[in-house]
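For reference, the structure is listed below as structure tokens.
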Amino acid sequence: MIGLGCDHGGYELKNLIKAYLTDHNIECMDYGTYSNESCDYPIFAKAVAKAVASGECDRGILICGTGIGMCITANKTAGIRAALCHDVFSAKATREHNDSNILCMGARVIGPGPALEIVRAFLETDFSNDIRHIRRIKMIED
Ligand code: RB5
4 MIGLGCDHGG YELKNLIKAY LTDHNIECMD YGTYSNESCD YPIFAKAVAK
54 AVASGECDRG ILICGTGIGM CITANKTAGI RAALCHDVFS AKATREHNDS
104 NILCMGARVI GPGPALEIVR AFLETDFSND IRHIRRIKMI ED
């Protein structure tokens, strides 16, 4: 289950991602926002972070104007490793090295085509399970 969240700046891109996931038979839960009306991104970042940290969702995707506010907020929740990615290389690397569980993107930074490629890379890439990466993630948690 993939948890989706956005603010007004990310609303349209979130809907595109939702359609992409549905087309690919990937289950998702939409935690809002549900319109273009101006709203506060921490509400939605916290909702998705909580869902991922509790196990209700396997991973999350958060979209705002830049992705930055979402990323800062989501990383305040214990157990969350949110990564801001605007290229496929970073999306793959953060899965392999950081075992990131939330992808953040900025709808004012990238277009829909690259964004969907990044989503695909993030969801299809497994954690490397390398001992050095496990050690470093444990150091973050400690
Ligand atoms: C909203 O205008 C904007 O600040 C927000 O979408 C995001 O970019 C914050 O980091």
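So the number in our numbering is just where the residue sits in the sequence shown, counting from 1, plus 3. Don't be surprised by glycine CBs; every beta carbon is placed ideally from N, CA and C.
What residue range does the beta strand (DSSP E) around Met108 cover? Indexing the sequence shown from 1 puts residue 108 at position 105. From DSSP, the beta strand (DSSP E) with Met108 extends over Ile105 to Gly109.
The region 123-130 / the region 98-109 touching (three or more Cβ pairs under 8 Å): Contact between the region 123-130 and the region 98-109 is present, because at least three Cβ pairs lie under 8 Å.
Three-state secondary structure assigned by DSSP to Cys74: Position 71 of the sequence shown, counted from the first residue, corresponds to residue 74. Helix, per DSSP.
Need the endpoints of the beta strand (DSSP E) that Ala86 sits in, please. Looking up residue 86 in the sequence shown gives position 83. It spans Ala85 to Leu87 - the beta strand (DSSP E) in which Ala86 sits, taken as one unbroken run.
C-beta contact flag for Lys53 and Thr76 at 8 Å: Walking along the sequence shown from the start, residue 53 turns up at place 50. Walking along the sequence shown from the start, residue 76 turns up at place 73. Contact flag unset, no.
CA-CA distance, Val112 and Ile137? Translated into the one-based positions of the sequence shown, residue 112 becomes position 109. Translated into the one-based positions of the sequence shown, residue 137 becomes position 134. Counting only the Cα atoms, Ile137 lies some 31 Å from Val112.
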